[in-house]
Amino acid sequence: MTLAMRALIRKTVLSLACLAIGVTYLFPYIWMVLTGFRSAADTLAIRFIFTPTLAGFGGVLGDSGFQGHVLNSIVVALTTTGTVLTVAIPAGYALAHLPIRGAAFLVAVLVARMVPGIAILIPIYLAASRLGVLDTHGVLILLYSTFNLPFAIWLLRGFFRDVPGEIREAAIIDGCSDRQVLTMIMMPLTTSGIVATGVFVFIAAWNEFLFALALTNTFAATAPLAMVSFRNEYGVQWTAIGAAALIISTPVVLFAVAMQRFLVRGLTMGSVKG
Amino acid sequence: MSAALAGERRLSLRSVRADGRPLVGPYWFIVPAVVMLSTVYLGPMIYAMMASGTYWVLTEPGSEHLPAGLANYVDVLSSPTFWHAVRVTLLYALTSVVLSLTFGTALALLLDNELFFASMFRSILMIPMVITPAVIAIFWKLLYEQEAGVFNSVLTGLGLGKVAWLSLDRAFMSMVLMDVWQSTPFFMLVILAGLQSVDQNLLDAARVDGANIVQRFRFVILPHLVPYMVIAAAFRGIATMNDFDKIWLLTQGGPGDSTTTITIYTYKIAFSAFDMGRTTAIAWIFVCIVLTATSPLLFHLFKTSRARP
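Chains as they are written, first to last, in our numbering: chain P, 1 to 274; chain S, 1 to 309.
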């Protein structure tokens, strides 16, 4: 047997092993996808062969309550992403390139990243209720933006540091201000990193549950909370849950797959470059 | 740290540098971030510290002015249910990290080979990691259902008996299994990044020296992977300790308090007993636990961040 053939056989066997493991491992996800396409009568029977229907999606998307939740999630996640980038880009740039004493701020950023949400939930809840901002988009946006700042600043600082400091110095000598260096030189050079950071912030805001549960009721409730209602109202509505689960999770899955080049770097705050 | 702050103060008092450029300028780049972080983190933390020194119960007006000293802290630290929650939290994080590290490493080793559709496998296998945790929990709860649940139907189909997944004895294990399912791709991706940065020359040299595949793994690849494993375990450990969504939606901490972690414990005390003094004391104790547990990681991140790339 030639070497090339042995390599081919090895590759085929390993690929098949990967396929088998993958299907087993992803079974819960595959089942979730299938559930979304079942008819209500079909969901109780446990089988893979069935006539797919879009009834579940139609039902969920026609539900004005669910529409509201999804719309809230879109508004909150998009505004959060915009806010975080606006605040974190200058901060990340300053920490990477400007002659400031950033050590104390860096430590503060790291500590803030590690503080458990539950620890500040109660005081924030009390403050929000006293200020009368419970169940508003604004309070979620402010909180989500701040929660994601440490991570975004840290990550962006890493991307800006990949740009040599000499470029900034040359631009400063040519008469640029630091604001111009940032917007006209640094940002165009780090576009992919900025986009990746924005996507990660969007995903985090989209997925957040604890603060949405505690601080919103009906008006500003986000999509993950909608899932809960399908279980409580009329018993378990399998098809609705399957369809809603797909609608809520598919955007994040697609975003993450598109950004997978940066995923490892993002999740480990730059300590693993991927 | 206070010396650095004092130095900063002194510098910022001079508004112009020797070359005439305004010195106050650069700090404006970080001011909005500082303001937001102080408002949302520092403010509530200080407020919580003050509240934890009172006998404040929301349903009893006026109780917020009853000074308690350290009584709330003593109360919490001497409560068996609190220590039970600490044990559950640590055990949850530890079991989940060990298991997902093992599975993640195995998957990474598999994916590191030449495969058909390699990048497609990679993309698909990472899906569980990014699905909204609330969605995962609600769906897994359906999978775990005793009568109509999918897992039990599969077990019955295979001729095995039904399992009471969310019973007193099994709920903790089921909670861990769900988290392992979600965290495995994270370890897989980080370790794959490690595998792909192994020095090929070193591997070739080991091969020339007659090392077999096990020896090459044990003496060349594994030592290279250890830092990646540690970083991944640290990040995932923190995330698991702070997990709320999945546990709340799967078991609400039950049955009994078999899956009550510190986050669930705090949430329950806050929103059922409305005991603010005690809740804020728990919050502070939890912050101290998490910051102590993560200090090596913080130190590592800080140290490596100062080195020029």
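Just so you know, even glycine gets a beta-carbon here, dropped at the ideal spot from N, CA and C.
Query                                                                                                                            : Result
CB of I269 of chain S within 7 Å of CB of G253 of chain S, strictly                                                              : no
Cβ contact (3+ pairs, closer than 8 Å) linking the stretch 124-144 of chain P and the stretch 210-225 of chain P                 : yes
Contact list for G117 of chain P against chain S, beta-carbon separation under 7 Å                                               : N242
Neighbouring residues, chain S, relative to G22 of chain P (Cβ below 8 Å)                                                        : F121, I124 and L125
Contact set for H97 of chain P: own chain, Cβ-Cβ below 7 Å, skip 5 residues either direction                                     : F160, G165 and R168
Beta carbon proximity, M259 of chain P to chain S, threshold 7 Å                                                                 : no
Contact check, V252 of chain P vs V264 of chain P, beta carbons under 7 Å                                                        : no
Backbone CA spacing between G267 of chain P and I247 of chain S [nearest angstrom]                                               : Rather than Gly, the amino acid found at residue 267 of chain P in this sequence is Leu. Rounded to whole angstroms, L267 of chain P to I247 of chain S spans 22 Å at the Cα level.
Cβ contact check for the stretch 289-301 of chain S and the stretch 57-69 of chain S: 3 or more pairs under 8 Å                  : no
Spatial neighbours of Y181 of chain P in its chain, beta-carbon cut-off 6 Å, leaving aside the 5 residues before and after       : Reading off the sequence, residue 181 of chain P comes out as Val, not Tyr. For V181 of chain P, where only same-chain residues beyond five positions count, the Cβ hits under 6 Å are R168 and A171.
Beta-bridge partners of D257 of chain S, as assigned by DSSP                                                                     : DSSP output for D257 of chain S lists no bridge partner at all.
Beta carbon proximity, A3 of chain S to chain P, threshold 7 Å                                                                   : The predicted position of A3 of chain S is uncertain, since its pLDDT is 46 and thus under 50; a value taken from the coordinates is nonetheless stated next. No, A3 of chain S lies away from the interface with chain P (no Cβ there is under 7 Å from its Cβ).
Opposing strand residues paired with V57 of chain S [DSSP bridges]                                                               : S:D275
Per-residue burial, A4 of chain P [other beta carbons within 10 Å of its own, 16 or more giving buried]                          : exposed
Beta-carbon gap between G36 of chain P and G56 of chain P smaller than 7 Å                                                       : yes
Every unbroken alpha helix (DSSP H) within the stretch 58-103 of chain P, with a cutoff of 4 residues, ordered by chain          : 64-97
Any chain S beta carbon closer than 7 Å to T2 of chain P                                                                         : no
Three-state secondary structure assigned by DSSP to P52 of chain P                                                               : coil
C-beta neighbour in chain P for I269 of chain S, strict 7 Å                                                                      : no
Chain P contact residues for P26 of chain S, given Cβ-Cβ distances below 7 Å                                                     : A94, L98, P99, I100 and D178
Coarse secondary structure for P133 of chain S, derived from DSSP in three states                                                : helix
C-alpha gap between T261 of chain S and F116 of chain S, whole angstroms                                                         : 43 Å
Cutoff 7 Å: N72 of chain P Cβ touching any chain S Cβ                                                                            : no
contact_flag[the stretch 209-221 of chain S, the stretch 69-83 of chain S] where n(CB pairs < 8 Å) is 3 or more                  : no
Where the alpha helix (DSSP H) containing N148 of chain P begins and where it ends                                               : H137 to R161
Stretch pair the stretch 102-115 of chain P + the stretch 196-213 of chain P: three plus CB contacts closer than 8 Å             : no
Listed by chain order, chain P residues near L115 of chain S by CB distance under 8 Å                                            : K11, L14, S15 and C18
Within 8 Å of chain P by C-beta, residues of the stretch 169-191 of chain S in sequence order                                    : W181, T184, F186, L189 and V190
Same chain, Cβ closer than 7 Å to L166 of chain S, neighbours up to 5 away in sequence not counted                               : Y144, S174 and T251
Minimum C-alpha distance to G194 of chain S - residue among S:Y228, S:Q182, S:T279 and S:K162                                    : S:Y228
Where P188 of chain P meets chain S, residues with beta-carbon distance less than 8 Å                                            : Per Cβ cutoff of 8 Å: no residues; P188 of chain P is ~18 Å from chain S at best.
Neighbourhood of R170 of chain S by C-beta distance below 8 Å, restricted to the same chain and skipping five residues each side : V163 and A164
Buried or exposed by the 16-neighbour rule on C-beta atoms within 10 Å, applied to E114 of chain S                               : exposed
Buried or exposed (CB count within 10 angstroms, at least 16 for buried), S12 of chain S                                         : Model confidence at S12 of chain S stands at a pLDDT of 41, short of 50, so the residue's coordinates are unreliable; what they give is reported in the following sentence. Answer is exposed; the Cβ neighbour count stays below 16.
Coil, strand or helix - P67 of chain S by DSSP                                                                                   : strand
Rounded straight-line distance, which links the Cα of F139 of chain S to that of S153 of chain S                                 : 15 Å
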